[in-house]
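Protein chains in written order, with numbering that gives the first Met the number 0: chain W, 0 to 311; chain Y, 0 to 311.
Here a beta-carbon is modelled for each residue, glycine too, at the ideal position from N, C-alpha and C.
Written below as structure tokens is the structure these notes are about.
Number of protein chains: 2
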Amino acid sequence: MGFKLTILGSNSARPILARRPSAQILQANQETFLIDCGEGTQLQMIKYGIKSSKINHIFISHLHGDHYLGLVGLLDTLALSGRQTPMHIYAPPMLEKVLDLHHQISGFPSPYPIVFHPLIADQSRIIYDTPELTVSTVVLSHRIPCTGFVFREKTLARRLLKAKTLEYNIPFTDFHDIKKGNDYTLPNGIAILNHELTDANRPPYSYAYCSDTAYFPDILPHIQNVSVLYHEATYLQDKISKAAIRGHATAQEAAAIALQANAERLILGHFSSSYQDLNPFLTEARPTFAQTYIAIEGKTFDFKDKEWTNEL
Amino acid sequence: MGFKLTILGSNSARPILARRPSAQILQANQETFLIDCGEGTQLQMIKYGIKSSKINHIFISHLHGDHYLGLVGLLDTLALSGRQTPMHIYAPPMLEKVLDLHHQISGFPSPYPIVFHPLIADQSRIIYDTPELTVSTVVLSHRIPCTGFVFREKTLARRLLKAKTLEYNIPFTDFHDIKKGNDYTLPNGIAILNHELTDANRPPYSYAYCSDTAYFPDILPHIQNVSVLYHEATYLQDKISKAAIRGHATAQEAAAIALQANAERLILGHFSSSYQDLNPFLTEARPTFAQTYIAIEGKTFDFKDKEWTNEL
């Protein structure tokens, strides 16, 4: 239980052997979310032990190839594996045409339902809502419509103190009600306050995925106070003009966003293929935002761990 | 100069870490042809030192994902690299819609011309013809329309005997004419027969690519006497019924085709993901056709080499 983020790809569009294009797995309690799906993502999942059969929701930020070209192959593989469970896809509307066209030309219609949720390009809104979690979109600033995703856990139920339930001989059937925050009335009519019976749970986790985007403070209200912000940093500061022209950000700009958003931690990714050594991204970001990390492929960032490193 | 075949992928559809989906490079004299382009092909090219910029002609056999899903990413990468040269694509007609749709939705029209040559599914015909080489299609037997490709070098010009040109003091400007097979007349009117001035060149090379297909003797007239036949062998003989149902062949069936086609050598590929050890494919094929080899990724088969091995 909890939130764990596994990086499958952290490179920008031009392919290199050292890194793969964008893709991440967010394990949010019981759910396994796939966020972006560049070419080769399904192989990265095999490599890093992610079971693709567990994914029921896929989020695609935009339709540049390095963010979606692995999707059709992944969906095909799930079909070959005999999947029956519906797959929910949240993506720009035109991606549905891509999937339909492939299913038509491959002579291989999907044996499981694909439930397509078209994103609205210029509006931030909730697109997923369960008792545990919401996912909302955030409008980014890129060359084509591009959407970030913010995953926010809802406030967790209070934790029952086992010793107290024994002390007051509280039956199991009343536990759920107490966890929700209610007081408990003993058979003799005496009320026991909820705070005596329960402890506060940990604060809810939240994760914001912002790729690709120029430095764009309009996103701040949507990503405020997140536990972890993933923000693209395609370039270092010496290419700040190029970044702006191409709708990308620098490491320092990403750090400035993390600071203003009051994020707890920042992960940088979507690195230009021209960089082999990624340490300068930390060197440039950390003076502004100390809790900055690198999206290293194969690495899992566990939100409950107090100490993160940049090692695999 | 000559023919060299480099295997980039030799696996069937379900992805595994050990092998990649179908893709090959045929270096035929000056030309670099890409044949099929499964997901991840561009990365395989980087890994094995193939310069994608040199490719001007791409041949796609059919529209199952494991044969074409790497194409869009490759074309994008060439665009990012500033390509201007036209790219010729020979493929089933609907692939053009896939490319058009991607260029539309990615907001990134191709900066170089894409010349699309739609294949005719049920007809074998010449689709490429230069003074050096023809490429013709061959109708295969698969679950959806699937086309094989036969690359046939034309008869090579005769080789001039340098000693003879010196002996008869023949000027450089007459060399081309003699290589074409003409006799040479000395200034004194005496004719020197071409056979005294030239040697026969090596026999022309030819290569047939047949993937995916069931055992289908209808292809024999089209692939007769090829230097090298690549024939799919998705399964071993114990799965011959499964192979037939799925429009695939076994190693032994591929060997039978090679034998009947009077091919010089046979390369097997498109192996089912369920096989880790590929040696049984040789064990089953070689009693029928001794000159059988395995499509090992990264391996280059040079047609001029008399001895081939199954080692990298």
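Residues of chain Y with a CB under 8 Å from the CB of residue i: which are they?
i	result
G69(W)	E38
M93(W)	L100, Q103 and I104
Which residues in chain Y sit within 9 Å of residue i, going by Cβ to Cβ distance?
i	result
Q41(W)	P14 and E38
Apply the 10 Å Cβ neighbour rule to residue i and answer buried if 16 or more other Cβ atoms are within range, or exposed otherwise.
i	result
V71(Y)	buried
H194(Y)	exposed
G81(Y)	exposed
M44(Y)	buried
D276(Y)	exposed
M86(Y)	buried
Q103(Y)	exposed
L185(Y)	exposed
P170(Y)	exposed
G64(Y)	buried
P91(Y)	buried
P14(W)	buried
I244(W)	exposed
What does residue i reach in chain W if we use C-beta pairs closer than 7 Å?
i	result
R18(Y)	Under the 7 Å cutoff, chain W gives no residues; its nearest Cβ is about 11 Å from R18(Y).
G72(Y)	E38, G64 and L68
K96(Y)	L100
Who are residue i's beta bridge partners in DSSP?
i	result
S166(W)	Before going on, a small fix: residue 166(W) reads as Glu here, not Ser. According to DSSP, E166(W) bridges with nothing at all.
A190(W)	T184(W)
I24(W)	T5(W) and L33(W)
C209(Y)	H230(Y)
A199(W)	The partner list for A199(W) (beta bridge, DSSP) is empty, contrary to what the question assumes.
T146(W)	V138(W)
L268(Y)	Rather than Leu, the amino acid found at residue 268(Y) in this sequence is Gly. Per DSSP, E231(Y).
T299(Y)	T5(Y)
Y111(Y)	DSSP lists no partner for Y111(Y).
M86(Y)	I113(Y)
N55(Y)	Per DSSP, none; premise fails for N55(Y).
I104(Y)	Answer is none; I104(Y) lacks a bridge partner.
T249(W)	Y234(W)
H158(W)	In the sequence on display, residue 158(W) carries Arg and not His. Answer is D198(W).
T133(Y)	D128(Y) and R151(Y)
I293(Y)	L267(Y)
N10(Y)	P20(Y) and F270(Y)
Could you list which residues in chain W have their beta carbon closer than 8 Å to that of residue i, in chain order?
i	result
R142(Y)	G106
Less than 9 Å between CB atoms is the rule here; does residue i satisfy it with respect to chain Y?
i	result
D128(W)	no
S80(W)	yes
K46(W)	yes
Return the Cβ separation of residue i and residue j in integer angstroms, given the expectation that the two are a contact with Cβ distance under 8 Å.
i	j	result
G147(Y)	I218(Y)	7 Å
V225(W)	I266(W)	That belief does not hold up - the Cβ atoms of V225(W) and I266(W) are roughly 11 Å apart, past 8 Å.
T299(Y)	L4(Y)	7 Å
C145(Y)	T40(Y)	Actually they are not in contact, since the Cβ atoms of C145(Y) and T40(Y) sit about 18 Å apart, beyond 8 Å.
H141(Y)	G246(Y)	4 Å
V134(Y)	S205(Y)	V134(Y) to S205(Y), Cβ: 10 Å. No contact.
N278(Y)	E131(Y)	Between E131(Y) and N278(Y) the Cβ distance is about 37 Å, and since that is not below 8 Å, they are no contact.
H221(Y)	S123(Y)	5 Å
Residues of chain Y with a CB under 7 Å from the CB of residue i: which are they?
i	result
T76(W)	R13 and P14
Chain-ordered residues of the segment 222-245 of chain W with a beta carbon less than 8 Å from chain A: Looking for chain A here will not work: the only protein chains present are W and Y.
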